[in-house]
Structures are given as structure tokens and as C-alpha cells.
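Down below is the structure, laid out as C-alpha cells.
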Amino acid sequence: MTLIVTEVKPKPRQFGDRLAFHAVVFPAKHGDRVMKCLVKTTLSLRDMGYAHLKRMKKGIDAGTLIALVSVDADVHAAVVAALHDVDGLKSCKVDVPKHAALSKEEFAEGNAVWPMVFHLHPTTAPLSAEDATTFVSTMQSLLQSNDTSIATTDGGCAGSHCLVVHPHAPLDIVASASIPPTPSKNPLNQHAIMRVLDAIAAQHAAQGPSNAYLCTGHDVFVAIEPCVMCAMALVHSRVGRVIYLQPNPTSGALGSRYSLHGHESLNHRYRVFHVHHDDAK
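Put into C-alpha cells, the structure is as follows:
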């Protein structure tokens, strides 16, 4: 059968959706006091899952500010109690953009509602025929150079193989990892992606101090769709594209069970592609 490549896109959403947020309005002179209280009493907006929102903006009345507190009424009540000594503090609710902007047009629309942070989304340009051919040939090379009896296990993507290459030089292999011959005492070492990132980290350490991320813009080929742990590790490594062969219905984080690559609270996102047989042929 012929192998083809399909992009695994995050689940669609309506950018116009709004989220009701508990907030406080107060005189601008108390801005530092309120912000310190929010930092001490609440999670950051990023940790809440709303990294696309800014915390404060100017109020409708001159000389006032509005600060987002939480979507949780109990957290809001705790903050108001902690700020009991702030004169002129009032509680309110504001509707803010629920989703991060994926384009400059969406950013302009959302920013008119509430100040936003814009993280450029990976290009959505169609995959070129040349790249698709490279994906297929590289995946075939990955499987031919390893034990091809891949299978998902209770560990998700543990029984997998992984290859990291430069996107513009696919024959330039940065690092690779395969199924360990014997089980490791460290469960992280059962995951090929974690092993390959560890190998690249060792390369970076040997080269001396660097501010660069481990795999900025690199392509990652993996036999089995990554689990949440591995998919998140690839986010932190700043990879450009992830290409997998076999879906992971048990714990797949890139399409099968979850769509981590579309999570809007992340400050880095990569594109995901699935190499599979063309059933139409």
C-alpha cells in the first residue's frame, strides 16, 4: 500500500466564544498592591490556562484599573478579603476572549474586548510534496533501522522508535533512540522521545553553555504517537514538527486522546503529521 501524509490539526473552536471572569476595579494608585496580592493569592493566568490574556487594563472611569482575578468565585472572595484595606475596591465580572488568537485578525478582534498576548501560531501553509515525500522516506528508514514490531502498550508510546533531524537536511540526523533491549529501572527511559532528548541534552552540555533550546525547529519522527509526557517534553524542546506512524488510542496526546499541540495556554506549538496507508488505493 502507498503511504501518505495527513496533518493532524487541533479540534476547531469558535474564536468569538467568551469567558466570564471575576475581577476587581480599583484606583490605579493601588496597582502594585493589588498585583502583589494576586501573585500571592492566586495562580498566574498562564497556570490557569489563560496565557493569552493580560492581567489588567484601564477601567472605564478615569484613574481606575480592572484586574482579572479568577473564574472561581471562592478564589475571588479570598482576594477581595485580602484587599479589604484598599479604598474604592469593587467586584465585577468581565467577559474576556476564551481562546488564544491564531492570527493577527483574531488578535485585533480579541484585543478590542480585553488586552491579549499574541503567540504566533506555526505556519498553516499546506505541506509541500517534497516534504511529504521526505516524511515517508524518513519514516521508512526509521522502521527499517529498528525492530519493526512496534506496538502500543499500557505505557502508551513506550514501545517506540524516535529520530530527530534537521528540517532542511533530513539526512542530517541529530539523534535517535529505539526500544531498549532490557527494561530500565527508570520508567522515563522506556520512552524513546525522552531518551533521544536526553542524548541531545548531553550533546549540548558537551558543546558548552548555550541559551538555545534543545531542538529548535527540528523534525521529530516517532513510530507511535507520543503520550502526554513525551508531547510536552517536545514543547519544551521547541521542535518544529512531529511525524508519527501508528496512532496511540490509549494515551495519544497528538490527536487520538488529546490535542495537546493545539492547547492555547502553551507558549510554543508545533505541527503534527500522521504517515499512514492510503486506503483508497
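For the sequence shown, numbering that gives the first Met the number 0 assigns the number 0 to the initial residue and increments by one for each residue that follows.
Beta carbons are placed, not taken as given, at the ideal position from N, Cα and C, and that holds for glycine.
- Note that the stretch 30–42 does not touch the stretch 56–63; fewer than 3 beta-carbon pairs, one per stretch, sit closer than 8 Å.
- Listed as beta-bridge partners of H273 by DSSP are T5 and Y243.
- Between the stretch 241–261 and the stretch 202–217 there are fewer than three inter-stretch CB-CB distances shorter than 8 Å, so the stretches are not counted as touching.
- Rounded to whole angstroms, the separation of the alpha carbons of G239 and A100 is 19 Å.
- Of the residues assessed, V112 falls on the exposed side of the cut-off, its CB having fewer than 16 other CB atoms within 10 angstroms.
- For H260, the closest alpha carbon among the candidates I172, H21, K8 and D46 is that of K8.
- Between F220 and the set A50, K97, V164 and V93, the nearest pair of CA atoms involves V164.
- Boundaries of the beta strand (DSSP E) harbouring A19: R17 to P26, taken from the DSSP string.
- Look at the stretch 48–132 and you find these whole runs of beta strand (DSSP E), each 3 residues long or longer: 55–57, 63–69 and 89–96.
- One Cα belongs to F134, the other to V4, and the distance between them is close to 8 Å.
- Of the residues assessed, K97 falls on the buried side of the cut-off, its CB having 16 or more other CB atoms within 10 angstroms.
- In the three-state DSSP reduction, A191 falls in the helix class (H, G or I).
- Listed in chain order, the non-local C-beta contacts of L141 below 6 Å within the same chain comprise H160, L162 and F220, local neighbours out to five positions each way being set aside.
- Counting the other CB atoms within 10 Å of its CB gives D46 a total below 16, which places it among the exposed residues.
- V33 sits in a helix when the DSSP states are folded into three classes.
- Collapsing the DSSP output to three states places F220 in a strand.
- Pairing Y49 with V173, the inter-Cα distance amounts to about 34 Å.
- With fewer than 16 neighbouring CB atoms inside 10 Å of its own CB, P11 falls in the exposed class.
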